């Protein structure tokens, strides 16, 4: 083999090595590109997930805030409605209280009412000795009917006539006036108590109005505002 053949063979080997190196380099480049693209895609997808999760979190926060605001507005509206209803009901009660003041203006009718209230109170207490309190303006009317009231009670309860002491030192509050509408007042009636003061029967017109009003309140509300939840 002469020098020319050796040189030719060397050149072929060089070309082969170079070609193999280029092919290997291309394979490495392609593989690196694929790995880069895969990693880039993974990073992009991871960021997308973070963005979606953050969006969902903020969306839920907005929805929760909207629900809370709606609930607060709804509750505020309900409170306003209930307050308005209470105002109407209370105005009715105030009107009824004013009507009670007229009861005591008719002496004949009011005297009979006082007697009946005393009898009713005695029947509730069923005590042999009681203390009676009334308005100072009603003292004479009470004194005029007390004996008849005691007799009626004794007949109904089938007991001896009780001892009823009218308190001439402590009286029930007077009727309300325009100048002192917020002070203690009494539209009429009586309060009876056992001798030891442990049992008290409050049979004033105001107390009876309170009892009736509490009992009739559901019916009043239904008539005024309709069925609840309707």
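Residue numbers (the numbering used here): 21 to 250. The beta-carbon is built from N, C-alpha and C at its ideal position, and this holds for glycine as well. Model, not experiment: these values are computed from the prediction.
Buried or exposed, going by whether 16 or more other CB atoms sit within 10 Å of the CB of residue i?
i           : result
residue 78  : exposed
residue 232 : exposed
residue 213 : buried
residue 75  : exposed
residue 204 : exposed
residue 139 : buried
residue 196 : buried
residue 120 : buried
residue 223 : buried
residue 249 : Residue placement at residue 249 cannot be trusted, given a pLDDT of 45 that sits under 50; what the coordinates show is reported in the next sentence. Flag for residue 249 reads exposed.
residue 211 : buried
residue 135 : buried
residue 40  : exposed
residue 217 : exposed
residue 173 : buried
Of the choices the options, whose alpha-carbon is the least far from that of residue i?
i           : options           : result
residue 149 : 58, 226, 220, 246 : 220
residue 161 : 174, 125, 144     : 125
residue 181 : 216, 82, 45, 143  : 143
residue 234 : 62, 133, 113, 103 : 113
residue 186 : 45, 215, 206      : 215
Indicate whether residue i and residue j have their beta-carbon atoms separated by less than 8 Å.
i           : j           : result
residue 146 : residue 177 : yes
residue 229 : residue 117 : yes
residue 165 : residue 131 : yes
- Message: Does the contact criterion of 3 or more C-beta pairs under 8 Å hold for the segment 239-246 versus the segment 102-115?
- Response: yes
- Item | Complete beta strand (DSSP E) runs within the segment 59-96 (minimum length 3 residues, chain order) | none
- Query: Hey, is the segment 151-161 in contact with the segment 181-192, meaning 3+ C-beta pairs nearer than 8 Å?
  - Reply: yes
- Could you give the uninterrupted runs of the alpha helix (DSSP H) lying entirely in the segment 172-249, keeping only those of 4 residues or more? 225-245
- List in chain order: all unbroken alpha helix (DSSP H) runs of 4+ residues lying wholly within the segment 115-145. 127-145
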